[in-house]
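Asker:
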Amino acid sequence: MSVLHDSAIITQRQLRLLTRVPEVLIFSTIQPVMFVLLFRYVFGGSIETGLEGGYVQLLMPGIFVQTVAFTLAGTASGLAEDMKKGLIDRFRSLPISQSALVIGRTLGDSLLNIVVLAVMGIAGYAVGWRPSAGIANVALGFLFLLLFGYALSWVGVLVGLSAKDARVVQNVSFIVTFPLTFLSNAFAPTTGMPRALQYFAEWNPVSTMVAACRELFGLENIFGATKGSFPSENPLLTSLIYMVLIMAIFIPLSVRKYRNSAG
Amino acid sequence: MKSVIAEELVKTYDKGKVRALDNLNLDVEEGTVLGVLGPNGAGKTTTVRILSTLLRPDSGRAMVAGIDVIKHPDKVRELIGLSGQYAAVDEILTGYDNLVMFGQLYHLGKKNAVLRANELLEQFSLTEAAKRPIKTYSGGMRRRLDLAASLIVKPKVLFLDEPTTGLDPRGRQEMWGVIQELVKGGVTLLLTTQYLEEADQLADEIAVIDTGKVIARGTSDALKKQVGGERLEVVVEAQHIAKTMEIVQAVSGITPSLDDGLRQISAPVSTGSAALFEVLKALDSAGIHALDVGLKRPSLDDVFLSLTGHTTETQEAKA
């Protein structure tokens with residue numbers, strides 16, 4: 287199939303970029319590792335979890351989800367950059383599958399996520415993270431994380447192609463992603479939040495993802511606020527529904543946007 | 013046969029407020045070069061974007077290499093090459109990497125993509141810079157690489173949108189040389205430019221466009237003729253100016269104009285070299301030595317001015 291071939295070439299291009307500018311890879315791993323260390327030692331000391339192994343057990347799923355959520359920004363700014371340089375025009379004038387460029391880009395960003403998650407996992411292990419579930423469940427957890435990143439990557443495609451200015455993209459994605467990752471159960475219990483925010487945090491896909499990962503890593507999600515609600519009882523299912531929804535909405539929108547992008 | 017046909021193309025932006033193309037018509041005969049000449053905002057880029065499948069017109073018809081651009085954009089893409097105003101190549105990758113990648117996207121297969129990349133690098137004198145990232149290239153080198161990328165599968169029709177805009181004179185000369193070589197190879201080329209000299213140098217025919225319409229078209233010579241005949245210009249020492257004015261007026265029948273600084277007297281003439289000869293004879297018998305004398309054909313700048321009432325520079329960039 288030519289769309290697979292073409293997408294693979296685009297993904298290769300992205301990997302080649304990483305070897306040409308290793309700083310990109312270095313900085314996209316340094317930042318999450320820094321978060322691991324900061325949260326582990328700044329908050330970890332004062333947040334009482336009563337868990338064996340302490341705060342870092344709850345923290346790691348939170349940071350993993352936060353990191354993959356930022357794939358949105360990575361995809362968006364990469365595409366916006368290509369738009370600005372006229373590369374998108376060139377790709378669109380080629381006799382290739384019209385979705386190859388965006389498929390290749392989202393796959394490339396997912397590959398980058400694999401590397402980043404691996405490095406973070408190692409950093410987490412070094413500071414005491416020990417998932418108690420079996421290897422299969424832990425692997426499934428990482429698969430979930432990659433899939434979530436992939437889904438958000440498609441939101442990034444739409445943001446990147448819609449932006450008038452590449453510089454704005456980074457800011458917009460940040461403004462969208464940052465509150466989402468903090469108005470959640472990722473770093474602290476949601477019980478301290480005002481009532482309305484608690485509901486938001488409960489249904490927030492970041493929260494359901496974090497809860498799902500905690501479950502898969504063999505951990506009780508004590509940061510979830512309300513017991514008995516659908517998302518907190520079924521975090522895996524809710525997350526899966528979210529991912530399918532995000533992709534069902536944003537893949538067609540993004541592909542259409544790409545085809546019609548006037549540059 | 014016509015390789016490119018655009019009929020009654022209309023494209024508006026901002027909900028119809030900006031009419032980028034206003035029933036534009038043009039065509040390019042197979043194997044020839046059409047220069048689309050116009051100031052910024054005239055609709056040149058919009059025209060190229062429609063013909064190269066990047067943009068859909070609001071209405072009108074466009075055919076490239078016999079295929080309907082609007083109905084079968086994917087087929088058209090197999091037959092065209094496009095090089096835009098910006099060098100649309102990946103800055104971080106090397107020239108070689110870029111060409112191999114585009115070759116693979118044209119489904120040449122890795123081996124042939126490599127062969128073709130090396131061939132093109134050689135053809136465009138980029139072999140030495142092949143393994144350097146594009147960001148280290150000069151403007152001219154980038155444009156050449158971009159052009160090379162649009163030639164990977166020997167397109168039937170090539171679109172070059174302002175190929176030398178922003179280049180220094182040397183880069184421009186090099187680019188012209190490269191394009192002239194391509195034209196000798198028989199490619200059908202539609203080239204847009206805001207440089208009158210460039211259209212004059214490269215194009216067989218010129219279509220002058222302004223505010224989304226073709227306002228004149230023909231060979232460079234025909235367009236110049238349309239503006240009027242030639243001008244006779246004589247430069248003399250300051251003390252001979254008055255007498256020379258008389259002589260030129262006698263030949264031309266029209267009061268000549270005088271450029272004081274250049275000490276240049278000029279007037280339109282209808283008899284071409286005969287008028288020149290007469291003036292020289294008269295100057296000689298008056299004992300005046302002309303420092304410089306010649307017949308000047310109108311430049312395309314004059315053409316533009318007479319067609320639109322404004323020069324190419326006075327219109328503000330809208331695009």
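From first to last, the protein sequence lines stand for chains A and B. First residue of the first sequence: 287, per the working numbering; consecutive thereafter. First residue of the second sequence: 13, per the working numbering; consecutive thereafter. C-beta: ideal position from N, C-alpha, C; glycine also.
#1: Give the residues from the region 352 to 386 of chain A that approach chain B closer than 7 Å (Cβ to any Cβ), ordered along the chain.
#2: Mapping DSSP to helix, strand and coil, what is S285/B?
#3: Taking Cβ positions, are V291/B and V263/B nearer each other than 7 Å?
#4: Could you tell me whether the Cβ of I389/A comes closer than 7 Å to any Cβ of chain B?
#5: From which residue to which residue does the beta strand (DSSP E) around V48/B run?
#6: Closer than 8 Å by beta-carbon distance: list the chain B residues that pair up with I532/A, in chain order.
#7: Check F171/B in the structure and name its three-state DSSP category.
#8: What is the rounded straight-line gap between the Cα of Y327/A and the Cα of T139/B?
#9: Closer than 7 Å by beta-carbon distance: list the chain B residues that pair up with I295/A, in chain order.
#10: Is it the case that the region 243 to 258 of chain B contacts the region 211 to 225 of chain B, given that we only count it when at least three CB pairs across the two stretches are under 8 Å?
#11: Report buried or exposed for F325/A, applying the criterion of at least 16 other Cβ atoms within 10 angstroms of its Cβ.
#12: Exposed or buried, which one is I300/B when buried takes at least 16 other CB atoms within 10 Å?
#13: Whole angstroms is fine: what's the gap from C499/A's alpha carbon to I382/A's?
#14: Look at the alpha carbon of S385/A and the alpha carbon of K371/A, and state the distance between them as a whole number of angstroms.
#15: Can F356/A and T476/A be called in contact, C-beta distance under 7 Å?
#16: Mind pulling the chain B residues with CB within less than 7 Å of D451/A?
#17: Run down chain B in chain order and give the residues with a C-beta less than 8 Å from the C-beta of V307/A.
#18: Compute the Euclidean distance between the alpha carbons of D26/B and T361/A, then round it to the nearest angstrom.
#19: With distances taken between CB atoms, is the gap from V199/B to L157/B smaller than 7 Å?
#20: Give the interface partners of A100/B over in chain A, defined as CB-CB distance under 7 Å, in chain order.
#21: Can you give me the start and stop residues for the alpha helix (DSSP H) that E309/A sits inside?
#22: Let's test the definition: count the other Cβ atoms within 10 Å of the Cβ of G331/A and tell me whether it reaches 16, buried, or not, exposed.
#23: Do you know whose CA, among V195/B, L49/B, V260/B, lies nearest T231/B's CA?
#24: Over the uninterrupted beta strand (DSSP E) stretch that includes R73/B, give me the two end residues.
#25: Would you check whether the ligand GDP has a heavy atom nearer than 6 Å to the C-beta of Y108/B?
#26: In chain B, which residues lie with their C-beta within 8 Å of the C-beta of L303/A?
#27: Around the Cβ of T305/A, are there at least 16 other Cβ atoms within 10 angstroms (buried) or fewer (exposed)?
#28: Does the distance from the CB of V16/B to the CB of D39/B come in under 7 Å?
#29: Under a CB-based cut-off of 7 Å, is R299/A close to chain B?
#30: For E41/B, name the three-state secondary structure that DSSP assigns.
#31: Three-state secondary structure (DSSP) at K14/B?
#32: Assign D222/B to one of three DSSP states: helix, strand, or coil.
#33: What residues from the region 176 to 192 of chain B come within 7 Å of chain A, judged by C-beta to C-beta, listed N to C?
#34: Considering only the beta carbon of each residue, do T59/B and P85/B sit closer than 7 Å?
#35: Exposed or buried, which one is Y411/A when buried takes at least 16 other CB atoms within 10 Å?
#36: Any chance the region 190 to 199 of chain B sits against the region 524 to 541 of chain A, with 3 or more Cβ pairs inside 8 Å?
Answerer: Quick answer:
#1: From the region 352 to 386 of chain A, only K371, G372, L373, D375, R376, R378, S379, L380, P381, I382 have a Cβ closer than 7 Å to chain B.
#2: Here DSSP, grouped into helix, strand and coil, assigns S285/B to helix.
#3: In terms of Cβ geometry, V291/B and V263/B form a close pair [threshold 7 Å].
#4: No, no contact with chain B.
#5: Its beta strand (DSSP E) spans residues 45 to 49.
#6: Those within 8 Å of I532/A in chain B number zero; the least Cβ separation is about 28 Å.
#7: DSSP, read as helix, strand or coil, puts F171/B in strand.
#8: Answer to the nearest angstrom: the Cα atoms are 54 Å apart.
#9: Residues of chain B passing the Cβ test: M113, Q116, L117.
#10: By the Cβ test, the region 211 to 225 of chain B is not in contact with the region 243 to 258 of chain B, since fewer than three Cβ pairs between them sit closer than 8 Å.
#11: Result: buried.
#12: Around the CB of I300/B, 16 or more other CB atoms lie within 10 Å, so the residue is classed as buried.
#13: Distance between the alpha carbons of C499/A and I382/A: 38 Å.
#14: S385/A and K371/A: Cα-Cα distance of roughly 19 Å.
#15: Between F356/A and T476/A, the C-beta spacing is not below 7 Å.
#16: Chain-ordered listing is empty here: chain B has no CB closer than 7 Å to the CB of D451/A, the nearest sitting near 15 Å.
#17: Near V307/A (Cβ distances below 8 Å), the residues of chain B are I104.
#18: Between D26/B and T361/A, the C-alpha separation is close to 28 Å.
#19: No, they are not a contact pair.
#20: Correct list: K371, G372, L373, D375, R376.
#21: Unbroken alpha helix (DSSP H) run through E309/A: 308 to 324.
#22: Per the 10 Å Cβ criterion, exposed.
#23: Of the listed residues, the one whose Cα sits closest to T231/B is L49/B.
#24: Element bounds for R73/B: 71 to 76.
#25: Looking at this structure, you won't find the ligand GDP or any other ligand, since it has none at all.
#26: Ordered by position in chain B, the residues that pass the 8 Å Cβ test against L303/A are D102, I104, L105.
#27: Around the beta carbon of T305/A, a 10 Å sphere encloses fewer than 16 other beta carbons of the protein chains shown; the residue is thus reported as exposed.
#28: Yes, the pair counts as a contact, with Cβ atoms nearer than the cut-off.
#29: Taking Cβ atoms only, chain B reaches closer than 7 Å to R299/A, which makes this a yes.
#30: Of the three classes helix, strand and coil, the one that applies to E41/B here is strand, per DSSP.
#31: K14/B falls in the strand class under three-state DSSP.
#32: Note: D222/B maps to strand in three-state DSSP.
#33: Residues: none.
#34: It is not a contact, given that the beta carbons lie outside the stated cut-off.
#35: Under this definition Y411/A is an exposed residue.
#36: Note that the region 190 to 199 of chain B does not touch the region 524 to 541 of chain A; fewer than 3 beta-carbon pairs, one per stretch, sit closer than 8 Å.
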